[in-house]
Amino acid sequence: LISDRNRKKQPIAGVLVDWGNFQRDCIFKFLRAGKPFYEGEVESMKHQTEMVSTATTNTEVGLALGDKSVRFKEDDSVEVYIKKEVSQTIDWNPPGF
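According to my numbering, the sequence shown is numbered sequentially starting from 4.
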């Protein structure tokens, strides 16, 4: 837990990006023993003391969630993805129609 001056204590996940990019507006899924325990957006993402919107491979960042009740453990892992709606198309023209 990290206390930021006069604010209440807030859990921060210290994360090393193994591969790919973390973007602040993506969906973050936190896993413990392979099972998700939190899925949603992050409140803030910092590299050292600087707020960042993107973290690249081999970068360490601190992630704060809006849900202050979530507690992190050392072996937790994070998956990051973008939810995108794609309109469905059908390429189907059977004979006789």
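A virtual CB, placed ideally from N, CA and C, is assigned to each residue, including glycine.
Source: prediction; values computed, not measured.
For Lys12, three-class secondary structure by DSSP:
strand
Neighbourhood of Lys76 by C-beta, 7 Å cutoff - its chain only, sequence neighbours within 5 removed:
Arg35
I'd like to check one pair, Asp79 with Phe33: are the Cβ atoms closer than 8 Å?
yes
Looking at the structure shown, is Glu53 part of a helix, part of a strand, or coil, going by DSSP?
strand
Residues near Ser72 by beta carbon distance below 7 Å, same chain, minus five either side:
none
What number of angstroms, rounded off, separates the C-alpha of Leu4 from the C-alpha of Met48?
Residue confidence for Leu4 is low, a pLDDT of 45 falling below 50, so the modelled location carries little weight; the figure read from the coordinates is stated next. C-alpha separation (whole angstroms): 15 Å.
Please classify Leu19: is it buried, with 16 or more other beta-carbons within 10 angstroms of its beta-carbon, or exposed?
exposed
When the Cα atoms are used, what is the spatial distance from Arg27 to Lys38?
22 Å
Since Ser80 sits in a beta bridge, which residues does DSSP pair it with?
Leu34
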